[in-house]
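S.K.: Residue numbers (UniProt numbering): 1 to 553. Even glycine gets a Cβ: it sits at the ideal position worked out from N, Cα and C. Since this is a predicted model, take the numbers as computed values, not measurements. Have a look at this one before I ask anything.
Set out below in structure tokens:
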């Protein structure tokens, strides 16, 4: 028995030693990755004024260089520090990015253009999805790239319909081009949500036997996911506002209310995942509701803390994603499958890039013309330069496309089929080429298309204490008589926004809090109610001036 015990003990010690080595290797990888993140931030800051390079491209390039170094040091065995996991992306990295987008959005401008945003983000994405799927089905079957079924071709359409407009948004100025920024930003969020919902719907249905019943179920499921996800996000946002308003954590600890805001934001995302809804839409609308109600119910110090905390988490997550995509682009396992036919891989990548260009143009210009038909004022119409900018902003593909491609064509991060390997390497090629090439050309192109406007004016928004301020362009001398539809869309006293404000002030804010309904505790760092009343009065005066000017126009 004694020798057996020694053997068992020896085996356990060996296993324990292996675990220690593995743990130490993970610690080394984490240290290197954190150092690279710091390097990306420093280099991005030094290149901030550069005409061609932004932080996304910087992180990609640093990731590529790091991948090359790792390939050399490991003698071609590996190119990255971590194995890509789509669950890591969707569960930990994507939530802070999407939530911060909703939390920082200029709500008045966003909802003023909501119809155009939905037109581009939802219907435009569906058009792009159809064109890319049909094009891939037509060309790839002739190229004989592997055993891809109809579901794979539909998934390709959803994967390459997901845009990444980060590069363009980093260059556009919200104060100088509020309409364009609002459209590009809003379309990007709705586009990602639509692409992910489409992708999930494709995976949930047996598309190999298509009939009218399957199509109707597909459309019904798509609409259900959209509506249910939006309602869930609004519900969690209102719940957080009600809890913080009633309990008012700031009386005792600002740490508690900050922690509750962060956790409730993440809870909305995980709740959507639990119910198989679109977590992107849920957390986005939760961010909008929390910025409208919850953010005003916390103390002044907590407002500053949460604003910067959400922005910082989003910023680090974006850098993390682009850095890793750069390293993973050189994964030797995936490229080994296509090494015997590099021409086929290049051909697939070129076709996908061409389909992205065509699919984007197929809806941006026609839908822009359709949107212009409802507008009489020239400053609200999209001219050709702005349409080209919107088209260009959606040409880049990023982390969402990568994550969806890994989900569809890999198992636990590994690829074992030649056809799947070609799709993964082609996705990497499209993401890299579109982000680096198109991204580097974005700033010069926008400088040519959108020269510095001569006149802009800043005005108080309907939420002067919101995480971001609001500005609109100076009204031009458009002498056209507004149509009833135009008046409905533009003038606050005749819009849904006006009636929503009345309903909000009468019913929603007394229950859920918000600007003007913040609980006041003597000695607390919240705003003085007198100052809030003065702010409300100044706001009303400015809004009345705007109405008068627009009516005269």
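1) Quick check: the Cα distance between residue 109 and residue 182, rounded to an integer number of angstroms?
2) Which ranges does the alpha helix (DSSP H) cover as unbroken runs of at least 4 residues, wholly within the segment 23–89, from first to last along the chain?
3) Do you know how far the Cα of residue 157 is from the Cα of residue 340?
4) In angstroms, rounded to a whole number, what distance separates the CA positions of residue 259 and residue 26?
5) Within the same chain, show all residues whose beta-carbon is closer than 8 Å to that of residue 424, passing over the 5 residues directly before and after it, in chain order.
6) Measure from the alpha carbon of residue 102 to the alpha carbon of each residue in 207, 269, 135, 499, then state which is nearest.
7) Going by the beta-carbon positions, is the gap between residue 191 and residue 225 smaller than 9 Å?
8) Return the CA-CA distance between residue 507 and residue 354, expressed in angstroms with no decimal places.
9) Can you look up residue 515 in the DSSP assignment and give me helix, strand or coil?
10) DSSP three-state label for residue 330, please.
11) I'd like the ranges of any beta strand (DSSP E) spanning at least 3 consecutive residues and lying wholly in the segment 289–313.
12) Given this structure, state the Cα-to-Cα distance separating residue 325 from residue 316, to the nearest angstrom.
13) Helix, strand or coil, according to DSSP, for residue 162 in the structure here?
14) When you compare each of 357, 87, 441, 305 to residue 161 by their alpha carbons, which one comes out closest?
15) Leaving out the 5 sequence neighbours to the left and right, which residues in its chain are closer than 6 Å to residue 283 when beta-carbon positions are compared?
16) In this structure, how does DSSP classify residue 96 when only helix, strand and coil are distinguished?
17) Tell me which residues share the same chain as residue 337 and place their Cβ nearer than 6 Å to its Cβ, disregarding the 5 neighbours each side in the sequence.
18) Is it buried or exposed, residue 500, if we count other Cβ atoms within 10 angstroms and call 16 or more buried?
19) In or out: residue 503 buried (at least 16 other Cβ within 10 Å) or exposed?
20) Look at the alpha carbon of residue 505 and the alpha carbon of residue 186, and state the distance between them as a whole number of angstroms.
21) Quick one: what's got a C-beta closer than 6 Å to residue 50's C-beta in the same chain, skipping five residues either side?
22) Using only the alpha-carbon positions, how far apart do residue 65 and residue 31 sit?
23) Assuming residue 360 is part of the alpha helix (DSSP H), what are its boundary residues?
24) Skipping 5 residues on each side, what residues in its chain have a beta carbon closer than 7 Å to that of residue 137?
25) Can you grab the Cα-Cα spacing for the pair residue 202 / residue 129, in whole Å?
26) Would you tell me roughly how many angstroms separate the C-alpha atoms of residue 134 and residue 370, rounded to the nearest one?
27) Are the CB atoms of residue 180 and residue 389 nearer to each other than 9 Å?
28) I need the DSSP call for residue 528, collapsed to helix, strand or coil.
29) Helix, strand or coil: which one does DSSP assign to residue 121?
30) What's the C-alpha gap between residue 62 and residue 76?
31) Are the C-beta of residue 234 and some C-beta of chain B separated by less than 9 Å?
32) The alpha helix (DSSP H) that contains residue 237, what's its start and end?
33) Skipping 5 residues on each side, what residues in its chain have a beta carbon closer than 8 Å to that of residue 433?
34) For the putative contact between residue 67 and residue 330, defined by C-beta atoms under 8 Å, what is the C-beta separation to the nearest angstrom?
M.R.: To lay it out plainly:
1) Within the chain shown, the letter at position 109 stands for residue 109. Within the chain shown, the letter at position 182 stands for residue 182. Each residue's alpha carbon lies about 7 Å from the other.
2) 55–73
3) Translated into positions along the chain shown, residue 340 becomes position 340. Translated into positions along the chain shown, residue 157 becomes position 157. So the alpha carbons of these two residues sit roughly 26 Å apart.
4) Here the question's residue 259 lines up with position 259 in the chain shown. Here the question's residue 26 lines up with position 26 in the chain shown. The alpha-carbon atoms of residue 259 and residue 26 are separated by roughly 29 Å.
5) Here residue 424 corresponds to residue number 424 of the chain shown, with the count starting at 1. The residues 334, 405, 406, 409, 410, 415, in chain order, have a CB closer than 8 Å to that of residue 424 in the same chain once the five nearest residues on each side in sequence are set aside.
6) To locate residue 102, count along the chain shown from 1; it is residue 102. Measuring from the Cα of residue 102, the nearest candidate turns out to be 269.
7) Against the chain shown, residue 191 aligns to sequence position 191. Against the chain shown, residue 225 aligns to sequence position 225. No, the Cβ-Cβ distance between residue 191 and residue 225 is not below 9 Å.
8) Position 507 of the chain shown, counted from the start, is the residue given in the question as residue 507. Position 354 of the chain shown, counted from the start, is the residue given in the question as residue 354. Between residue 507 and residue 354, the C-alpha separation is close to 51 Å.
9) Position 515 of the chain shown, counted from the start, is the residue given in the question as residue 515. Residue state, collapsed to three classes: coil.
10) Residue mapping note: residue 330 aligns to position 330 of the chain shown, counting from 1. If DSSP states are grouped into helix, strand and coil, residue 330 belongs with coil.
11) none
12) For this step, residue 325 is matched to residue 325 along the chain shown. For this step, residue 316 is matched to residue 316 along the chain shown. So the alpha carbons of these two residues sit roughly 14 Å apart.
13) By one-based count along the chain shown, residue 162 stands at place 162. In the structure shown, residue 162 sits in coil (DSSP, three-state: anything other than H, G, I, E or B).
14) Numbered from its first residue, the chain shown carries residue 161 at position 161. When each option's Cα is compared against that of residue 161, the closest is 357.
15) Here residue 283 refers to the residue found at position 283 when the chain shown is read from its first residue. So the list reads 95, 98, 99, 268, 269, once near-sequence residues are dropped.
16) Residue numbering aside, residue 96 sits at position 96 when the chain shown is read from its first letter. Helix.
17) Here residue 337 refers to the residue found at position 337 of the chain shown. So the qualifying residues of the chain are 418, 421.
18) Within the chain shown, numbered from 1, the residue matching residue 500 stands at position 500. Classification for residue 500: exposed.
19) Mapped onto the chain shown, residue 503 falls at position 503. Exposed.
20) On the chain shown, residue 505 is found 505 positions in, with the first residue counted as 1. On the chain shown, residue 186 is found 186 positions in, with the first residue counted as 1. About 26 Å.
21) Residue numbering aside, residue 50 sits at position 50 when the chain shown is read from its first letter. Counting only Cβ-Cβ distances below 6 Å, and skipping sequence neighbours, we find nothing.
22) Locating residue 65 in the chain shown gives position 65, counting from the first residue. Locating residue 31 in the chain shown gives position 31, counting from the first residue. The straight-line gap from Cα to Cα measures roughly 17 Å.
23) Position 360 of the chain shown, counted from the first residue, corresponds to residue 360. Here the alpha helix (DSSP H) through residue 360 covers 342–372.
24) For the purposes of this step, residue 137 is identified with residue 137 of the chain shown, where counting begins at 1. Excluding sequence neighbours, residue 137 sits near 153.
25) The residue you call residue 202 lines up with position 202 of the chain shown. The residue you call residue 129 lines up with position 129 of the chain shown. The straight-line gap from Cα to Cα measures roughly 12 Å.
26) For this step, residue 134 is matched to residue 134 along the chain shown. For this step, residue 370 is matched to residue 370 along the chain shown. Taking the straight line joining both Cα atoms gives about 25 Å.
27) Start at 1 with the first residue of the chain shown, and residue 180 comes out as number 180. Start at 1 with the first residue of the chain shown, and residue 389 comes out as number 389. Yes, the Cβ-Cβ distance between residue 180 and residue 389 is below 9 Å.
28) On the chain shown, residue 528 is found 528 positions in, with the first residue counted as 1. Unreliable placement is indicated for residue 528, whose pLDDT of 46 sits below 50; no coordinate value is reported for it.
29) Taking the first residue of the chain shown as position 1, residue 121 is located at position 121. Correct three-state label for residue 121: helix.
30) Locating residue 62 in the chain shown gives position 62, counting from the first residue. Locating residue 76 in the chain shown gives position 76, counting from the first residue. Distance between the alpha carbons of residue 62 and residue 76: 19 Å.
31) No chain B is present in this structure, which holds just one protein chain.
32) Numbered from its first residue, the chain shown carries residue 237 at position 237. Segment 212–247, the alpha helix (DSSP H) holding residue 237.
33) In the chain shown, the residue the question calls residue 433 occupies position 433. Cβ within range, chain order: 349, 353.
34) For the purposes of this step, residue 67 is taken as residue 67 along the chain shown, with counting starting at 1. For the purposes of this step, residue 330 is taken as residue 330 along the chain shown, with counting starting at 1. Right, the Cβ-Cβ distance comes to about 4 Å (below 8 Å), so this counts as a contact.
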